[in-house]
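Written out below as structure tokens is the structure these notes cover.
In mature numbering (1 follows the signal peptide of the UniProt record, and there is no 0), the protein residues as written are -17 to -1, 1 to 245.
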């Protein structure tokens, strides 16, 4: 595990990923990961999220990694609060990353990636991944749960600036999603869409929640793709379907050859 000074981590703390939503215990979802680009000194980015799918492998979006040298990336397991002295998190340098060779950085088709790192941690449970044909994201009445890190809106003293939060978001029709996007973001056929804001309570999926895991009935069904960076208008959020990229994930498990960062 490469040591990264806490002061340096404080300097690259992210802006809000999920705005509002509901707090959730890190104990319930220990496999959520924050991703950082440590080479960005003044304006660090991306503010991305990932999910551990096994001990030393993180599933996230290709748009979070494809322009970053692996040596400049780090992953943080555990929430980060106001104080850099918070010792509940664990920091790991990336070893490498991979994404499909057919990933399109202009349209965000095949926007999925796996990051590997070295080091021990205390996470021993991992999410169940959706299988091909089991989830299409086509029902407008079905709701999914997005998890990520971000700001609460209570204004309470001591509120964590980077706490684990969840949003319950209705799925919407893909064609309606494309119409609302109006060309701002391309919605490819390996995606489904959610509404941009939760119907109950405060919450919006925007900006840095790219790479965030999306669950349906405790199954990981999607990875949040790039959205419109405007939390006020609640634009829909495209989500890359896990079931469409089973081969990519299985290739990782089989150690097959795929595009690697270096």
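Glycine included, every Cβ here is placed at the ideal spot set by N, Cα and C. On a predicted model such as this, the values are computed, not experimentally measured, just so you know.
For the beta strand (DSSP E) that residue i lies in, which residues bound it at each end?
i	result
residue 151	146 to 155
residue 196	196 to 199
residue 78	73 to 82
residue 125	Residue 125 -> no beta strand (DSSP E), and no H or E assigned at all.
residue 170	Neither: residue 170 is in no beta strand (DSSP E) and is coded neither H nor E.
residue 17	15 to 20
Where residue i and residue j are concerned, what is the direct C-alpha to C-alpha distance, given to the nearest angstrom?
i	j	result
residue 226	residue 10	27 Å
residue 165	residue 158	11 Å
residue 59	residue 74	5 Å
residue 104	residue 163	42 Å
residue 204	residue 97	16 Å
residue 123	residue 178	The predicted model places residue 123 with a pLDDT of 46, which falls under 50 and marks its position as unreliable; any figure quoted below should be read in that light. Each residue's alpha carbon lies about 10 Å from the other.
residue 7	residue 15	11 Å
residue 107	residue 38	7 Å
residue 155	residue 125	9 Å
residue 175	residue 223	7 Å
Specify the secondary structure class of residue i as computed by DSSP and reduced to three states.
i	result
residue 38	coil
residue 47	helix
residue 160	helix
residue 192	helix
residue 207	strand
residue 95	coil
residue 224	strand
residue 53	helix
Under DSSP, the alpha helix (DSSP H) around residue i begins and ends at which residues?
i	result
residue 236	229 to 236
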